[in-house]
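Student:
Numbering (our numbering), first residue to last: 1496 to 1699.
1. Using the Cα positions of residue 1523 and residue 1509, report the straight-line distance between them to the nearest angstrom.
2. Along the chain, where does the beta strand (DSSP E) containing residue 1679 start, and where does it finish?
3. Does residue 1502 pass the burial test, meaning 16 or more other C-beta atoms within 10 Å, or should it be called exposed?
4. Going by other Cβ atoms of all chains shown within 10 Å of its Cβ, with 16 needed for buried, is residue 1741 buried or exposed?
5. Does the beta-carbon of residue 1695 have 16 or more other beta-carbons within 10 angstroms, so that it is buried, or is it exposed?
6. So, do the segment 1534-1543 and the segment 1653-1670 have three or more beta carbon pairs nearer to each other than 8 Å?
7. Could you check what DSSP says for residue 1526 in three-state terms: helix, strand or coil?
8. Residue 1601: buried (16+ other C-beta within 10 angstroms of its C-beta) or exposed?
9. If you follow the alpha helix (DSSP H) that residue 1591 is in, where does it begin and where does it stop?
10. Quick one, are the C-beta atoms of residue 1597 and residue 1558 less than 8 Å apart?
11. Would you mind stating whether residue 1590 and residue 1622 have Cβ atoms separated by less than 8 Å?
12. Within the same chain, show all residues whose beta-carbon is closer than 8 Å to that of residue 1657, passing over the 5 residues directly before and after it, in chain order.
13. To which residues of the same chain is residue 1655 closer than 6 Å at the C-beta, ignoring the five residues directly before and after it?
14. Checking 8 Å against the spacing of the C-beta atoms, do residue 1571 and residue 1604 come in under that value?
15. Opposite residue 1628 in the DSSP bridges: which residues?
16. List the DSSP bridge partners of residue 1501.
17. On the DSSP letters alone, give me the boundaries of the alpha helix (DSSP H) that residue 1597 sits inside.
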């Protein structure tokens, strides 16, 4: 029986999740796991091409959601499902919760349309663990402003990120069995101590 697991990292832009991806991967490798580290949109050559379009081109919100799920379908077929079938642990920087948060919460796309796409694209696949890195909007914005040239999502206004964050938190309340919320305003060392505890409990 396989012990493969699927872990996703979620949070609004500037939440700090990317800081901890490699750390968790290393924790798992130290526990003897083979880890596949990937991201959305992206993870495949087609997905990376779509990522560039999605992050920089303006488009209808339904087109945006459809392209997100198109990239995701390829990602699942080419990366996630083969890795899990091998018994590997997969860590993805974002998955479908991000589409509900950004296109549903932020863009206001009708939730049922996203539910239908989710049921079509991955009816039998859900993360085993979702780490939601949560920060107040002002903290996230300060972090973004201090980094690099911003993509089209990162350039959105505060109300967009408020709605995106609210949808993330709603999802966490809806699926408490797989979500763990992390206060990403804490010092990195404290967050990593918490992540050690989470992984140790998860991999018992």
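Just so it is clear, CB atoms sit at the ideal spot from N, CA and C, and this is done for glycine as well.
Tutor: This is what the structure holds:
1. Residue numbering aside, residue 1523 sits at position 28 when the chain shown is read from its first letter. Residue numbering aside, residue 1509 sits at position 14 when the chain shown is read from its first letter. Looking at the two C-alpha atoms, the distance is approximately 25 Å.
2. Residue 1679 sits at position 184 when you count from the first residue of the chain shown. Run containing residue 1679: none; DSSP gives neither H nor E here.
3. For the purposes of this step, residue 1502 is identified with residue 7 of the chain shown, where counting begins at 1. The residue is buried, with at least 16 neighbouring Cβ atoms inside 10 Å.
4. Residue 1741 is absent from the structure shown; the chain starts at 1496 and stops at 1699.
5. As a first step, residue 1695 must be located in the chain shown, where it is residue number 200. Note on residue 1695: under 16 other CB atoms within 10 angstroms of its CB, so exposed under the neighbour-count rule.
6. The segment 1534-1543 vs the segment 1653-1670: no contact.
7. Indexing the chain shown from 1 puts residue 1526 at position 31. Three-state result, residue 1526: coil.
8. Here residue 1601 refers to the residue found at position 106 when the chain shown is read from its first residue. Label assigned to residue 1601: buried.
9. Along the chain shown, read from residue 1 onward, the residue named residue 1591 stands at position 96. From DSSP, the alpha helix (DSSP H) with residue 1591 extends over 1591-1594.
10. As a first step, residue 1597 must be located in the chain shown, where it is residue number 102. As a first step, residue 1558 must be located in the chain shown, where it is residue number 63. No. Outside cutoff.
11. On the chain shown, position 95 is the one that residue 1590 refers to. On the chain shown, position 127 is the one that residue 1622 refers to. In contact: residue 1590 and residue 1622 (Cβ atoms closer than 8 Å).
12. The sequence position of residue 1657 within the chain shown is 162, counting from 1. Counting only Cβ-Cβ distances below 8 Å, and skipping sequence neighbours, we find 1632.
13. Here residue 1655 refers to the residue found at position 160 of the chain shown. Excluding positions up to five away in sequence, the list reads 1601.
14. Taking the first residue of the chain shown as position 1, residue 1571 is located at position 76. Taking the first residue of the chain shown as position 1, residue 1604 is located at position 109. Not in contact: residue 1571 and residue 1604 (Cβ atoms no closer than 8 Å).
15. Here the question's residue 1628 lines up with position 133 in the chain shown. For residue 1628, which the question treats as bridged, DSSP gives the partners 1677.
16. Mapped onto the chain shown, residue 1501 falls at position 6. DSSP lists 1585 as partners of residue 1501.
17. Counted from its first residue, the chain shown places residue 1597 at position 102. No alpha helix (DSSP H) holds residue 1597; DSSP gives it neither H nor E.
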